[in-house]
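> After the structure tokens below, expect a handful of questions from me.
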Amino acid sequence: MYIKEIAASLYPWDLHDEGADACVGNLMEHADVNSVYLVGIMHKEKRPLRGLYYPHNPKRKFYLPEDSRVYYRMDENNFRNTPLKPIYSSVEWLKGTDWLDTLIESARKNGLKAGCEISHTIFDAKVAMSEFPYTMQRNVKGEIVGNIGKLLCPNNDHVREYILALFYDTAKNHDIDFIQSCLILFHEGARTKVPNDGASTDHELDLLIGSLEGGCFCDSCKAKAQQMGYDWEKITADLSRLYDMAKQAELGDLMEKKLLDAGNLTAAGFLLENPSLYQWLEFRQKSITSLFQGIYARVKEANPKVEFRYNTYLKYPEMAGLSFSAIKDYIDSVRESDYAERLGDIAQLRAKREKLMKIRRGIGYEKDLIAAVDVRPTDKGESNEQVLRTSVNLLSNYGIDGISLGHYDEATFSRLKAVKDGMADGEIQLFK
Numbered sequence: 001m002y003i004k005e006i007a008a009s010l011y012p013w014d015l016h017d018e019g020a021d022a023c024v025g026n027l028m029e030h031a032d033v034n035s036v037y038l039v040g041i042m043h044k045e046k047r048p049l050r051g052l053y054y055p056h057n058p059k060r061k062f063y064l065p066e067d068s069r070v071y072y073r074m075d076e077n078n079f080r081n082t083p084l085k086p087i088y089s090s091v092e093w094l095k096g097t098d099w100l101d102t103l104i105e106s107a108r109k110n111g112l113k114a115g116c117e118i119s120h121t122i123f124d125a126k127v128a129m130s131e132f133p134y135t136m137q138r139n140v141k142g143e144i145v146g147n148i149g150k151l152l153c154p155n156n157d158h159v160r161e162y163i164l165a166l167f168y169d170t171a172k173n174h175d176i177d178f179i180q181s182c183l184i185l186f187h188e189g190a191r192t193k194v195p196n197d198g199a200s201t202d203h204e205l206d207l208l209i210g211s212l213e214g215g216c217f218c219d220s221c222k223a224k225a226q227q228m229g230y231d232w233e234k235i236t237a238d239l240s241r242l243y244d245m246a247k248q249a250e251l252g253d254l255m256e257k258k259l260l261d262a263g264n265l266t267a268a269g270f271l272l273e274n275p276s277l278y279q280w281l282e283f284r285q286k287s288i289t290s291l292f293q294g295i296y297a298r299v300k301e302a303n304p305k306v307e308f309r310y311n312t313y314l315k316y317p318e319m320a321g322l323s324f325s326a327i328k329d330y331i332d333s334v335r336e337s338d339y340a341e342r343l344g345d346i347a348q349l350r351a352k353r354e355k356l357m358k359i360r361r362g363i364g365y366e367k368d369l370i371a372a373v374d375v376r377p378t379d380k381g382e383s384n385e386q387v388l389r390t391s392v393n394l395l396s397n398y399g400i401d402g403i404s405l406g407h408y409d410e411a412t413f414s415r416l417k418a419v420k421d422g423m424a425d426g427e428i429q430l431f432k
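The letter at position 297 of the sequence shown is residue 297 when you use UniProt numbering, and the numbering goes up by one with no holes.
This is the structure in structure tokens:
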């Protein structure tokens, strides 16, 4: 089996502490990597994420990134149509350096592909809350939502223009082969404790009702929905009542529990009974598809040769407004970031196959499918190379086009080598 790519992500602090050439050299030597990309806009998240300390960083034990900073050069003229501007690092040893160009230079010297990732969140949450509160996603009760930072609404004109400018500028002004993003779309909400009888469909009802705790019901969504012909007043009134019922049921109200008790009702039946919920979910999907269409157009306008890759992290993408079949004309590839290897159990690898097949069903075979594998120690802190090696071997049966490693900063060299060993087991080879 031949694949096009073995990719690996790097952070600006990796390049500073270990040196770009050292990072690239290690990845090539231990895992046959032929593609590297910089996480050029990174959310606030301790690194390493899982372990207490880095396994091979010579300068520091861990790092605490600032929230949603840009770590490479941008032309602010491209942001003239939005009040939101790129916010750069204020850390002395990081600021002033274009870390994307630093990695690109090392990649090109070694004959590698180079890319950039715009990560989960794109703007500092505190700045947004204090200066641009009108841009924030809100639940059906008007409350601002978000887990990894507070989230901007992609239907807000200023937010959308900022997102499009980020992609345009990156593709226009840097010698990259691909631009990847795991941008959080609409907030999915929360699992609601809905009474049930243990039927297999109950979790779907749970997700549907829980989505009302997510976004978005802001004024920008209202305006966009009304332009599309939706009866927004009825949708919000109906969903607000459904939300109240779910909350009362959680608090132990017997009558509300009976009203929400699904019995043997399927998720399809629930949506038929609640057409406003279906219309809201449909509106979100149309909104996200429109966003992808805009991003794709701006990337290709900037540089037709640059590939737009979405890095999906969602178990249920439809709960965030994402339909792979709807966006397939507006992406070049998808990276499925399932990290089942972290569990250290071969039996858990089935989830990766299911997610990959879900994406392939949506995007077809014309677009590339990249499977992520976890090169970090397991949740228990164990190395357990055999599970990782087996996972890579199994990928040979799934019709993938590439493999992507998550993530170098926390990887042990023995687990990087397990990727190469798994490729040999599955007779997976790179196009040369």
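We put the CB at the ideal spot given by N, CA and C, even for glycine. Nothing here was measured: the structure is a model prediction, and the numbers come from that model.
What distance in whole Å lies between the Cβ atoms of K355 and D338, which are believed to be in contact at a cut-off of 8 Å?
5 Å
> Buried or exposed for S90, going by 16 or more other Cβ atoms inside 10 Å?
S90 comes out exposed.
> So, for Y53: in the same chain, excluding its five sequence neighbours on each side, which residues have a beta-carbon less than 7 Å away from its beta-carbon?
K61 and F62
> Chain D beta carbons: is any one of them nearer than 8 Å to that of Y63?
Absent from the structure is chain D; it holds one protein chain and no more.
> Bridge partners for R138 per DSSP, in chain order?
I144
> At which residues does the alpha helix (DSSP H) containing A165 begin and terminate?
D157 to N173
> Only counting the same chain, and skipping five residues up and downstream in sequence, which positions put a Cβ closer than 8 Å to that of I359?
Only T312, F324, V334, E336 and L369 meet the Cβ criterion.
> Using the C-alpha atoms, what's the distance from F217 back to A237?
Taking the straight line joining both Cα atoms gives about 11 Å.
> Rounded to whole angstroms, how far is the Cβ of A411 from the Cβ of R376, which I believe are closer than 8 Å?
6 Å
> Count Cβ pairs between the region 138-145 and the region 79-93 that sit closer than 8 Å; are there 3 or more?
no
> By DSSP, does K113 sit in helix, in strand, or in coil?
When DSSP states are grouped into helix, strand and coil, K113 belongs to the strand group.
> Using the Cβ count rule (16 or more neighbours within 10 Å means buried), how would you classify S391?
With 16 or more other Cβ atoms from the protein chains shown falling within 10 Å of its own Cβ, S391 counts as buried.
> DSSP three-state label for S323, please.
coil
> Quick test of your reading: E117 and Q180, contact by CB under 8 Å. State the CB separation rounded to the nearest angstrom.
4 Å
> Just reading off the alpha helix (DSSP H) that E318 is part of, what are its end residues?
No alpha helix (DSSP H) holds E318; DSSP gives it neither H nor E.
> Would you mind reading off the limits of the alpha helix (DSSP H) that contains F270?
A267 to E273
> Measure the C-alpha to C-alpha separation of Y398 and Y2 and round it to an integer number of angstroms.
12 Å
> DSSP has V373 in a bridge; who is on the other side?
According to DSSP, V373 bridges with L405.
> With a CB to CB cut of under 6 Å and the five nearest residues on each side skipped, what residues in its chain are close to R73?
D98
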